[in-house]
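Trainee: Note that the protein sequences, when read in sequence, are chains A and B.
Under this note's numbering, think of the first position of the first sequence as 1, with each following residue one higher.
Under this note's numbering, think of the first position of the second sequence as 333, with each following residue one higher.
C-beta: ideal position from N, C-alpha, C; glycine also.
Please read all numbers here as calculations on a predicted model, not as lab measurements.
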Amino acid sequence: MGKTIYIFSAGELKRKENTVVFEGEDGRKFLPVETTDELMIFGEVSLNKRFLEFCTVSHVPLHFFNHHGYYQGSYSPREFLNSGATILAQAACYLDHEKRVDIARRIVCGAMENMAVVLNYYRRRGNESLVSMLSNIESYKGKLDKSDSVAEIMGLEGNGREAYYSAFDHITGGGPFAFDVRSRRPPQNRMNALISFLNSMCYVTALSQIYRTHLDPRIGFLHETNFRRFSLNLDVAEIFKPILVDRIIFSLINKKVIQAKHFEDGPSGGIYLQESGRKIVVSAWEERLQQTIDHPRLKRKVSYRGLMRMEVHKLEKHILGDQTYEPHISGW
Amino acid sequence: MFVIMIYDVGERRVAKMLKIGRKYLNWVQNSVLEGELSEGLLAKLKAEVKQKIDHESDSVIFYTWRSERYTAREVIGIERNEINIIV
Numbered sequence: 001m002g003k004t005i006y007i008f009s010a011g012e013l014k015r016k017e018n019t020v021v022f023e024g025e026d027g028r029k030f031l032p033v034e035t036t037d038e039l040m041i042f043g044e045v046s047l048n049k050r051f052l053e054f055c056t057v058s059h060v061p062l063h064f065f066n067h068h069g070y071y072q073g074s075y076s077p078r079e080f081l082n083s084g085a086t087i088l089a090q091a092a093c094y095l096d097h098e099k100r101v102d103i104a105r106r107i108v109c110g111a112m113e114n115m116a117v118v119l120n121y122y123r124r125r126g127n128e129s130l131v132s133m134l135s136n137i138e139s140y141k142g143k144l145d146k147s148d149s150v151a152e153i154m155g156l157e158g159n160g161r162e163a164y165y166s167a168f169d170h171i172t173g174g175g176p177f178a179f180d181v182r183s184r185r186p187p188q189n190r191m192n193a194l195i196s197f198l199n200s201m202c203y204v205t206a207l208s209q210i211y212r213t214h215l216d217p218r219i220g221f222l223h224e225t226n227f228r229r230f231s232l233n234l235d236v237a238e239i240f241k242p243i244l245v246d247r248i249i250f251s252l253i254n255k256k257v258i259q260a261k262h263f264e265d266g267p268s269g270g271i272y273l274q275e276s277g278r279k280i281v282v283s284a285w286e287e288r289l290q291q292t293i294d295h296p297r298l299k300r301k302v303s304y305r306g307l308m309r310m311e312v313h314k315l316e317k318h319i320l321g322d323q324t325y326e327p328h329i330s331g332w
Numbered sequence: 333m334f335v336i337m338i339y340d341v342g343e344r345r346v347a348k349m350l351k352i353g354r355k356y357l358n359w360v361q362n363s364v365l366e367g368e369l370s371e372g373l374l375a376k377l378k379a380e381v382k383q384k385i386d387h388e389s390d391s392v393i394f395y396t397w398r399s400e401r402y403t404a405r406e407v408i409g410i411e412r413n414e415i416n417i418i419v
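Okay, here's the thing in structure tokens:
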């Protein structure tokens with residue numbers, strides 16, 4: 001498994017001597033193409049067609065983020081894992097109401113269980129006020145079995161997440177990172193800015209992992225497939241958001257790694273992470289993705305990024321009818 | 333695995349070695365590259381090197397470790413190329 005490179009500086013990306021070179025103000029930097037899996041581009045970078053062609057043959061997707069750190073889009077190399085059979089099966093699963101509801105339900109169930117795992121972790125550490133949120137999530141999870149439409153499942157997911165978000169202030173102690181309500185585009189406070197930024201990192205990471213499988217990221221099951229955006233990566237991210245995104249947020253805040261000074265007001269309202277803050281969050285994110293856990297079934301260590309890829313493979317197996325999909329539930 | 337590649341080759345092939353090495357590893361200083369590779373990629377790198385060197389007069393050495401954890405690294409003087417995933 002290769003590396004993810006995050007580019008914050010301004011400069012030019014080029015193909016040179018059959019590898020990737022970044023020419024910025026601080027000179028030329030060679031990036032070993034064989035060990036690079038994806039490039040995340042935050043800075044002002046210029047590149048040419050020759051470079052894109054090189055990315056295609058090397059299977060390196062590029063992901064672009066704007067000035068505020070919002071995901072803008074990707075350059076996805078031509079699909080190299082073409083499997084007509086899988087795509088047909090995926091589309092058939094989407095069109096079959098029963099099958100689609102079943103997958104959506106499994107995803108939301110996994111997401112909720114992971115939320116409960118996170119809250120339980122803090123409850124065990126003496127935060128008894130979390131008990132009520134836990135029982136709320138539990139009750140929404142109980143209703144999942146009776147729901148028979150994707151819209152209903154989405155609704156329950158929203159309710160569960162609301163209950164879950166109400167626990168945030170109890171874990172971080174409010175202060176400069178008081179949560180209040182979820183606000184997007186633009187985020188109204190620091191906590192929302194953090195959630196938005198890390199969520200988009202999670203979506204993009206899932207997208208890169210899907211690219212390495214046979215599945216088509218455009219056909220999601222929980223999230224509606226439409227004309228504009230990828231949706232399967234949102235489904236996969238749903239399961240991992242509590243255990244990756246939210247736990248990083250808590251640890252960054254509680255250890256005071258990220259502070260009020262790392263945020264700034266946007267020109268048109270809203271609060272955003274500053275570049276220094278963004279770098280801190282990105283390194284914490286990357287560190288977490290590389291962290292490994294003992295996989296109970298495989299009997300070997302797997303990184304969280306690898307776990308995400310396995311999740312997509314499990315979905316693929318489910319779609320092809322090989323093995324029923326069971327979402328990853330975190331052990332602690 | 334963690335790999336250090338060191339080459340001592342005829343002048344005409346020095347640049348070739350560098351070009352090959354840079355595709356897989358991070359350049360550290362003249363004739364030295366290091367980085368994390370899978371077994372497959374290391375085999376690929378070795379195959380490329382074998383094709384380009386003169387087997388009578390050149391030598392390329394690969395040091396490998398199971399992981400970077402078993403190595404210690406200390407730079408005296410200047411760090412010529414800092415290796416970082418954030419550019």
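Once you ignore the five residues that flank residue 177 of chain A on each side, which residues in its own chain have a CB closer than 7 angstroms to its CB?
Mentor: Excluding residues within five positions, the ones whose Cβ falls inside 7 angstroms are 190, 191, 253.
Trainee: Would you call the region 4–21 of chain A and the region 37–44 of chain A in contact, with 3 or more CB pairs under 8 angstroms?
Mentor: A contact exists between the region 4–21 of chain A and the region 37–44 of chain A.
Trainee: Taking Cβ-Cβ distances below 8 angstroms as the criterion, which residues of the region 265–295 of chain A are in contact with chain B?
Mentor: Hits within the stretch, in order: 279, 282, 283, 286.
Trainee: Could you check the C-alpha separation between residue 187 of chain A and residue 61 of chain A for me, to the nearest Å?
Mentor: Distance between the alpha carbons of residue 187 of chain A and residue 61 of chain A is about 28 angstroms.
Trainee: Can you pull the chain A neighbours of residue 409 of chain B, defined as C-beta to C-beta under 7 angstroms?
Mentor: Residues of chain A passing the Cβ test: none, with the nearest at roughly 18 angstroms.
Trainee: Where does residue 175 of chain A fall in DSSP's three states?
Mentor: Correct three-state label for residue 175 of chain A: helix.
Trainee: Can a CB atom of chain B be found closer than 8 angstroms to the CB of residue 38 of chain A?
Mentor: No, no contact with chain B.
Trainee: For chain A, is any of its Cβ atoms less than 8 angstroms away from the one on residue 368 of chain B?
Mentor: Cβ-Cβ to chain A under 8 angstroms: yes for residue 368 of chain B.
Trainee: Between A/251, A/90, A/278, A/84, which lies nearest to residue 317 of chain A when the distance is taken from Cα to Cα?
Mentor: Here the closest residue by C-alpha is A/90.
Trainee: Quick one: is residue 356 of chain B near chain A, going by C-beta distance under 8 angstroms?
Mentor: So, interface residue.
Trainee: Whose CA, out of A/221, A/297, A/250, lies closest to the CA of residue 108 of chain A?
Mentor: Nearest C-alpha to residue 108 of chain A: A/221.
Trainee: Can you give, in chain order, each stretch of the beta strand (DSSP E) that sits fully within the region 221–303 of chain A and has at least 3 residues?
Mentor: Fully enclosed beta strand (DSSP E) runs of 3 or longer: 263–265, 271–273, 292–295, 300–303.
Trainee: Have a look at A/71, A/146, A/59 and flag the residue whose alpha-carbon is nearest the alpha-carbon of residue 101 of chain A.
Mentor: Cα-wise, what sits closest to residue 101 of chain A is A/146.
Trainee: State the start and end residues of the unbroken beta strand (DSSP E) segment that holds residue 340 of chain B.
Mentor: Run containing residue 340 of chain B: 334–340, per the beta strand (DSSP E) assignment.
Trainee: Taking C-beta to C-beta, are residue 373 of chain B and residue 34 of chain A nearer than 8 angstroms?
Mentor: Cβ atoms of residue 373 of chain B and residue 34 of chain A: closer than 8 angstroms.
Trainee: So what does residue 418 of chain B bridge to, in DSSP terms?
Mentor: BP columns for residue 418 of chain B point to A/6.
Trainee: Mark residue 241 of chain A as exposed unless 16 or more other C-beta atoms lie within 10 angstroms of its C-beta, in which case mark it buried.
Mentor: Counting Cβ neighbours within 10 Å, residue 241 of chain A comes out buried, since at least 16 surround it.
Trainee: At a CB-CB cut-off below 9 angstroms, which residues of chain D make contact with residue 4 of chain A?
Mentor: The structure shown contains no chain D; its protein chains are A and B.
Trainee: Please name the residue or residues paired with residue 365 of chain B in a DSSP beta bridge.
Mentor: Answer is B/337, B/359.
Trainee: Starting from the Cα of residue 258 of chain A, find the closest Cα among A/274, A/265, A/270 and give me that residue.
Mentor: Of the candidates A/274, A/265, A/270, the one whose C-alpha sits nearest the C-alpha of residue 258 of chain A is A/274.
Trainee: Residue 115 of chain A and residue 305 of chain A look like a contact to me (Cβ under 8 angstroms); what is the Cβ gap, rounded to whole Å?
Mentor: Between residue 305 of chain A and residue 115 of chain A the Cβ distance is about 21 angstroms, and since that is not below 8 angstroms, they are no contact.
Trainee: Quick check on residue 431 of chain B - is its C-beta less than 8 angstroms from some C-beta in chain A?
Mentor: The structure shown has nothing for residue 431 of chain B, since chain B only spans 333 to 419.
Trainee: Between residue 78 of chain A and residue 54 of chain A, how many whole angstroms is the CB-CB distance? I'm expecting something under 8 angstroms.
Mentor: Contact doesn't hold; Cβ gap of about 13 angstroms is too wide.
Trainee: Under 7 angstroms between beta-carbons, which chain A residues line up against residue 374 of chain B? List them in chain order, please.
Mentor: Residues of chain A passing the Cβ test: none, with the nearest at roughly 10 angstroms.
Trainee: What's the C-alpha gap between residue 206 of chain A and residue 30 of chain A?
Mentor: So the alpha carbons of these two residues sit roughly 26 angstroms apart.
Trainee: What do you reckon, are the CB atoms on residue 272 of chain A and residue 167 of chain A nearer than 8 angstroms?
Mentor: No, Cβ-Cβ distance for residue 272 of chain A and residue 167 of chain A is not below 8 angstroms.
Trainee: Excluding five sequence neighbours on each side, which residues of the same chain lie with their C-beta closer than 7 angstroms to the C-beta of residue 248 of chain A?
Mentor: These residues qualify, in order along the chain: 198, 284, 285, 288.
Trainee: What are the residues in the region 5–24 of chain A lying within 8 angstroms of chain B by C-beta distance?
Mentor: Result list: 5, 6, 7, 8, 9, 17, 18, 19, 22, 24.
Trainee: Along the chain, where does the beta strand (DSSP E) containing residue 140 of chain A start, and where does it finish?
Mentor: Premise fails: residue 140 of chain A lies in the alpha helix (DSSP H), 131–144, not in any beta strand (DSSP E).
Trainee: Below 8 angstroms between beta carbons: does that hold for residue 63 of chain A and residue 74 of chain A?
Mentor: It is a contact, given that the beta carbons lie within the stated cut-off.
Trainee: By the three-class DSSP mapping on this structure, what secondary structure does residue 169 of chain A have?
Mentor: Looking at residue 169 of chain A - three-state DSSP - the assignment turns out to be helix.
Trainee: Run through chain B and tell me which residues come within less than 7 angstroms of residue 29 of chain A, C-beta to C-beta.
Mentor: Those within 7 angstroms of residue 29 of chain A in chain B are 419.
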